[in-house]
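The next block holds one structure in the form of structure tokens; read it before the comments.
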Amino acid sequence: MKEMFEYIDEDHSVTAEYYEILDSDISDAKLLSKMKSLINKDPYFFEPYTKVYDLLLYKRQVKEANKILDSGYKLALSRILDEQGNFPDFLEWGWLENRHIIRVILKKGLTLWQSGNTKTALDIFRNLFKSNPNDNVGVRYFILAILEGLSYDTYTSLYENDVYLSDKIFEWFEEGRKKYADEFQILDSFE
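Those letters in the sequence shown? Residues 45 to 235, per this note's numbering, in order.
In structure tokens, the structure reads:
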């Protein structure tokens, strides 16, 4: 029987500095510079990668944005994959230390879905869902949307005006998951 592999990251010394920077009232240019500096200080703390990605996208520097996200994503995988290249059995959101990793992986999946690369995005979402079946980030909805043939834009347009997920998305999911029982069977043990 295969031994279960759980990944829990370590604390990062730049975490507090990251949040202090976010709370400061500085220009986007200064914020971008400080985030890049944090990446240089600790390339294995992934929150700055997603922030730099968002800032660069806002500036319409798509190529550079994708490059930084790819860098963070690949480094995150290098931390969590086992010797055979397998995703951890457990990469749970409940560990604060894991959230920065989950966020950069999630961001990569979402960008792939946005660009139409649904196969790879679906693989990423499945790994996140399987390793964190409590699904704190809601990848189950993304999985169903992709399986149902929805583009990222179509999916987000259905729910973009909701501050919180409305009852209709829960109803949509509960109805839709019946068609993909194998995909979502892990949820049955949590209900």
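We treat Cβ as the ideally placed atom computed from N, Cα and C, and that holds for glycine.
Of all alpha-carbon atoms in 155, 150, 161, 191, the one lying nearest the alpha-carbon of residue 171 is that of 150. Using a 10 angstroms sphere on the CB of residue 116, the tally of other CB atoms reaches 16 or more, which defines it as buried. The criterion of a C-beta distance shorter than 8 Å is not satisfied by residue 119 and residue 96. The shortest CA-to-CA distance from residue 114 to any of 103, 190, 141, 147 is the one to 147. The segment 51 to 58 makes contact with the segment 82 to 94: 3 or more CB pairs, one atom from each, lie closer than 8 Å. DSSP places residue 220 inside the alpha helix (DSSP H), whose first and last residues are 211 to 221. The alpha-carbon of residue 152 is positioned some 19 Å away from that of residue 193. In the DSSP assignment, residue 72 falls within the alpha helix (DSSP H) that extends over 72 to 85.
Per the DSSP secondary-structure output, residue 50 pairs in a beta bridge with 134. Note on geometry: alpha-carbon atoms of residue 80 and residue 101 lie some 15 Å from one another. For the pair residue 188 and residue 220, the CB atoms are nearer than the 8 Å cut-off.
Taken atom to atom, the span from the alpha-carbon of residue 137 to that of residue 73 is near 31 Å. Only residues of its own chain outside the window of five on either side were considered, and among them 196 have a CB closer than 6 Å to the CB of residue 158, listed in chain order. Sequence-distant partners of residue 169 (beyond 5 residues in either direction) whose C-beta falls short of 7 Å from its own C-beta, in its chain, are 153, 183, 186, 187. Taking every protein chain shown into account, the CB of residue 155 has 16 or more other CB atoms within 10 angstroms, so this residue is buried. The straight-line gap separating the alpha-carbon atoms of residue 52 and residue 130 is approximately 15 Å.
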